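Asks: Before anything else, here's the structure in question.
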Amino acid sequence: MEPKPEQSPHHAYPDHWEADVVLRDGGTARIRPITTDDAERLVSFYEQVSDESKYYRFFAPYPRLSDRDVHRFTHHDYVDRVGLAVTIGGEFIGTVRYDRIDDRGRPASAPADEAEVAFLVQDAHQGRGVASALLEHIAAVARERGIRRFAAEVLPANNKMIKVFRDAGYTQRRSFEDGSVHLTLDLEPTEESLAVQRGREQRAEARSVQRLLAPGSVAVIGAGRTPGGVGRTVLRNLLAAGYTGRAYAVNRAFDEGLATLDGVPAHRSLGEIDEQVDLAVIAVPAHQVPEAVADCGEHGVQGLVVVSAGYAERGADGRELQRELVRQARSYGMRIIGPNAFGIINTAENVRLNASLAPESPARGRIGLFTQSGAIGIALLSGLHRRGAGLSSFISAGNRADVSGNDFLQYSFEDPDTDVALLYLESLGNPRKFTRLARRTAAVKPVVVVKGARHSGTNPPGHAVPVSRIPDATVSALMRQAGVIRVDTVTEMVDAGILLAGQPLPSGPRVAILGNSESLGLLTYDACLAEGLRPRPPIDLTTAASPQDFRDALAEALADATCDAVIVTAIPWVGEDGEAETGDGQVLAAALHTAVAGGSAKPVAVVHVEIGGLAEALAAASSTAAPRQRPTTARTAPPEAPTDRTASTDRTASTDRTASTDREGATDRQAPTDRTTDTDRTTASAPAAPHPPAAPAAPEATPPAPEDRPRPGRIPAYPAAERAVRALAEAVKYAQWRRQAAVPGKVPELLDETIDEAGAAALIEAHLAAAPDPRGRQLGHDEARELLGRYGIDVRPTLPAPDPDAAVAAAARLGYPVALKTTAPHLRHRADLGGVRLDLTDEDALRRAYGDLTDLLGKPAELLPVVQAMAPRGVDTVVRASIDAAAGAVLSFGLAGAPSELLGDTAHRLVPVTDRDAAELIRSIRAAPVLFGWRGAAPVDTAALEELLLRLSRLVDDHPEVVSVALEPVVVAPQGLTALGATVRLAPPPARNDLGPRRLPSY
């Protein structure tokens, strides 16, 4: 909406202040500046406000606005006088304005930094969080215009408005003057105000998804008169699932005499429906969707699922249609799943919603599933169904124009029916927000993510969101830091999901392996080692083992305090005739259920090969099934050697699993069953290189979360050892993260004493002011040293050596021994090309090296040689920090040279890092043993390295203008470290979309 020229003499219309927001009840509204075109809207809005609210606003009866009032409230300069309005359907439901004042309360201009603020919200919309949202946005506008404080006069009886100010989290002062409450709010964001804002955002966005998933009524718009077609299919699936609410079929092509369709009322438009419709599923051609959306908006529909295709996946014209669809729906306060969506499912008993194209509604369970792909959604639903896993909710967002994975995380965090959140994502619209939400959700329940389109560098069709430039490996590391379990395939997602949803979290990496196949046990053992677990030697029950033997062995393992998880391996029993029996799955499952029900809370997984019915029986919700009598014809025990594998009702007696002579003539294939000590197991499985000491661990703590309680009876089964072990390894790493997250790391206070934040800010401002390029500049070596020095990061000085005599003079100043190296860009850090000469102990050696260097590589003017004092011997490392516009500031660490450059062995953490993050950063690279005494070398000073990481993190966090820093190499010695080179780039910081007032993305 463009303003008229006369309304903005000081500033153009600020369209960047426009925002869509989610209100407390989950509905949406639009916030925008008020313009001169809003006079009629303002008058209409004021007429719908109660006399009491008018009195609270003006401190006197004020039945109507005068022409002068209307002019004043619609004419703003967007600097000293600003008004914002909240609109739904184009009409005002709330307003706020500020007027800049001086210290005497009179109208003023800058540099006055205080403003008087006043709100008015329509009574019908009070309690929806309208005023709180307006306060966030008007405060951000004021800060942008140089206003630092708000003053407000509120009548003591206006408790709602007082509460809005009190709960905002800003620093405030309150006094009682002349019969009113005088409030002063400092607008500088505080930790409390940011927490309040994010808490409101979480509750509102969770509620907006909850309204979509639990509607009281659903209308399917586009349900055809004849069977088949998308709309009719959705309606059929909705009814087949037993939806508990009211359902309607809507199609403008229905005959006037058609009263019902598939047993539900049929209408030509929503206007014919006498009751409130909460959710509309739109399944009409794309060109008819705007008409359907308008019909929904005008009749109070709360949310839309748009399964119609023909939008951004079709190209530029489709993208514009998609943008218009979002704008239109939000203008009515509605959120959208889609377009091009597969649909949504909610299995809650009081809802039973299947508004999707899935022909069968999944069983009720504890897994929440979000996917951006219909095809992947189908595959995941099918995979979970085959494994006996149920869902709590399912959203297939299609082009993800509105409701996103972030919204699903907000909902999953609060949903008591969801214990595990699975997400298939093809793009991250707001990576900063995603990692923040994922960290909070992962602290109470697992979040498992598969990220598609990892290497394309572009978004999938239809996803118009910012593209991050950081490598996929970095994205993976950042997810891990946030507690996200990232897997590579949807199969791995299902494998991890069913274990996490049905089993308690492991308390450590020690794994017991038992089963009736020595070979399968060894494969499982090897897989455990490959995944970093600590397996015990497999217990071979032999192929003659009965279900009771499995039960007893599993019960014993669960009772053993030296193991944290158990993997059971099973192959079919082999009869005396040599043929395998595959019908014992239910009997074995019952035996395992019995052991788990009576054992301690440890995760159990089963690896099986072709045992019919086992996976289904293990996935059963209870273990009360009676053991099935096994056939006696296939394997009859000799009379002199009765076995316990017949249909006995007494399942309490324990058999001797070590006595092979009792096993119907079975040969002795018993694996060692010695319960080795923890030390023995560590020695047996330790790699040749020394393990780096663990990062400082958090005190033992068990966060109160539903999945920490065992769920007896749901034992996950896997067809391959590698899959079971990989899922268990992810659970082990996640459980460790949970324990550490319960007591967060911190930044040591001692850093504050050696950091000159103000001095660094002054240097940065001066450098940027002198930069000819508005995009910033790279600092010279001495400039970088000075800036880094303000944060206690010392970089060893270098002196230019344009000729041999200058090199000798430089060495005399620095002191021998010295290094001679080139600084030409193509030779920088390339010792392999001969551009670095070390340990030059005297003038003769320096002059010879200088001559060799120039003879080999070129003239001094091309090589730009420098001289630097030698550093103590140590391990060469590289430390970097960079800012990605989408993900934020990232700190990276690796060994210099081939490990990081060729092999990609680099670890990453989001800034700011804590002491625990820094410790984990240097220990998480594969080459970490080099730092801790590999092959008998002396361990290096990792404490000094961790401090360096903390200092660099603090620098880029305090000063976002520092967009990249590279310290290379950093030589870490047994005592101390030396940074030999530094590259620093300054630039205006990229805009952050996670610190301003809450708003929905606009594409």
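The opening residue of the sequence shown carries number 169 in our numbering; numbering runs sequentially from there.
Glycine included, each C-beta is placed from N, C-alpha and C at the ideal position.
Every value quoted in this text rests on a predicted model; they were computed, and no experiment measured them.
Which runs of the beta strand (DSSP E), 3 residues or longer, sit entirely within the region 1038-1120?
Replies: DSSP runs (the beta strand (DSSP E)) wholly in the region 1038-1120: 1043-1052, 1056-1063 and 1074-1078.
Asks: What span of residues does the alpha helix (DSSP H) with valine 452 cover, start to end?
Replies: From DSSP, valine 452 is part of no alpha helix (DSSP H); its letter is neither H nor E.
Asks: Classify threonine 428 as buried or exposed, calling it buried when 16 or more other Cβ atoms lie within 10 Å of its own Cβ.
Replies: The residue is exposed, with fewer than 16 neighbouring Cβ atoms inside 10 Å.
Asks: Look up histidine 467 in the DSSP assignment and say whether it is helix, strand or coil.
Replies: Coil.
Asks: Confirm, please, whether the CB-CB distance from alanine 286 to isoleucine 315 is below 7 Å.
Replies: Not closer than 7 Å, so no.
Asks: In its own chain, which residues sit with a C-beta less than 6 Å from the C-beta of alanine 307, not counting the 5 before and 5 after it?
Replies: Leu355.
Asks: Do you know offhand how far glycine 753's Cα is from threonine 762's?
Replies: Those two C-alpha atoms are separated by around 14 Å.
Asks: Which one or two residues does DSSP pair with arginine 532 in a beta bridge?
Replies: Arginine 532 is bridged to Leu559.
Asks: Applying the 10 Å Cβ sphere with the 16-neighbour rule, what's the burial state of glycine 347?
Replies: Flag for glycine 347 reads exposed.
Asks: Hey, how far is the Cα of serine 768 from the Cα of leucine 381?
Replies: Each residue's alpha carbon lies about 36 Å from the other.
Asks: So, for glycine 1072: in the same chain, excluding its five sequence neighbours on each side, which residues have a beta-carbon less than 7 Å away from its beta-carbon?
Replies: Excluding residues within five positions, the ones whose Cβ falls inside 7 Å are Ala641.
Asks: In chain order, what residues of the same chain lie with their CB nearer than 7 Å to the CB of proline 209, ignoring the 5 residues before and after it?
Replies: According to the sequence shown, residue 209 is arginine rather than proline. Same-chain partners within the cutoff: Glu259 and Phe260.
Asks: Is it the case that the region 1088-1104 contacts the region 1024-1036, given that we only count it when at least three CB pairs across the two stretches are under 8 Å?
Replies: No contact exists between the region 1024-1036 and the region 1088-1104.
Asks: Measuring straight from C-alpha to C-alpha, what distance separates histidine 243 and threonine 263?
Replies: Whole-angstrom Cα-Cα distance: 14 Å.
Asks: How about the region 886-899 and the region 686-701: do they share at least three Cβ pairs that are nearer than 8 Å?
Replies: As far as the Cβ criterion goes, the region 886-899 touches the region 686-701, which means the pair count is three or higher.
Asks: Can you tell me which of the three DSSP states alanine 939 falls into?
Replies: Correct three-state label for alanine 939: coil.
Asks: Which same chain residues end up closer than 7 Å to glutamate 808 when comparing Cβ atoms and leaving out the 5 residues on each side of it in sequence?
Replies: Interpretation of glutamate 808 is limited by its pLDDT of 36, a score under 50 that renders its predicted location unreliable; no figure is taken from the coordinates.
Asks: Can you find a C-beta in chain C that's less than 7 Å from the C-beta of valine 777?
Replies: In the displayed structure, chain C is absent; only one protein chain is listed.
Asks: Figure out for me which residue from Ile450, Pro433 and Val449 has the closest Cα to the Cα of aspartate 442.
Replies: Among Ile450, Pro433 and Val449, the Cα nearest to that of aspartate 442 is on Pro433.
Asks: Does the beta-carbon of arginine 813 have 16 or more other beta-carbons within 10 angstroms, so that it is buried, or is it exposed?
Replies: The pLDDT assigned to arginine 813 is 34, lower than 50, so where the model puts this residue is not dependable, and the model offers no usable value.
Asks: Which of the three DSSP states is assigned to lysine 331 in this structure?
Replies: DSSP places lysine 331 in helix when its eight states are reduced to three.
Asks: In the DSSP output, which residue or residues are listed as bridge partners for leucine 591?
Replies: Phe538 and Val617, per the DSSP bridge assignment.
Asks: Helix or strand or just coil, what does DSSP make of lysine 901?
Replies: Lysine 901 falls in the helix class under three-state DSSP.
Asks: Taking the alpha-carbon positions, what's the arginine 964 to glycine 1144 distance?
Replies: Cα-Cα distance, rounded: 13 Å.
Asks: For glutamate 373, which residues of its own chain have a beta-carbon under 6 Å away from its beta-carbon, when the five flanking residues on both sides are left out?
Replies: Counting only Cβ-Cβ distances below 6 Å, and skipping sequence neighbours, we find Val190, Asp575 and Gln578.
Asks: Runs of 3 residues minimum, wholly inside the region 666-717: which ones carry the beta strand (DSSP E) assignment?
Replies: Qualifying beta strand (DSSP E) stretches, in chain order: 678-683.
Asks: What is the DSSP secondary structure of glycine 439, reduced to helix, strand or coil?
Replies: If DSSP states are grouped into helix, strand and coil, glycine 439 belongs with the helices.
Asks: On a Cα-Cα basis, can you pick out the residue from Tyr230, Gln378, Gly1056 and Ala889 that is closest to aspartate 1126?
Replies: Taking only the C-alpha atoms, the option nearest aspartate 1126 is Gly1056.
Asks: From phenylalanine 736 to alanine 589, what does the alpha carbon distance come to, in whole angstroms?
Replies: Here residue 736 is valine; the residue named in the question, phenylalanine, does not match the sequence. About 26 Å.
Asks: Can you name the start and end residues of the beta strand (DSSP E) that aspartate 354 belongs to?
Replies: Run containing aspartate 354: 348-354, per the beta strand (DSSP E) assignment.
Asks: Can you tell me whether DSSP reads glutamate 517 as helix, strand or coil?
Replies: The answer is coil: DSSP assigns glutamate 517 none of H, G, I, E or B.
Asks: Could you tell me how far apart the beta carbons of leucine 559 and threonine 609 are, in whole angstroms, since I believe they sit closer than 8 Å?
Replies: Going by Cβ atoms, the distance from leucine 559 to threonine 609 rounds to 17 Å, so no, they are not a contact pair.
Asks: So what's proline 201 in DSSP terms, helix, strand or just coil?
Replies: Proline 201: strand per DSSP, three-state reduction.
Asks: Can you grab the Cα-Cα spacing for the pair glycine 1065 / alanine 934, in whole Å?
Replies: Their backbone Cα atoms lie some 34 Å apart in a straight line.
Asks: Could you tell me the distance, in whole angstroms, from the CA atom of serine 385 to the CA atom of glycine 194?
Replies: Taking the straight line joining both Cα atoms gives about 17 Å.
Asks: So, are the CB atoms of leucine 667 and alanine 899 less than 7 Å apart?
Replies: A contact, by the Cβ cut-off of 7 Å.
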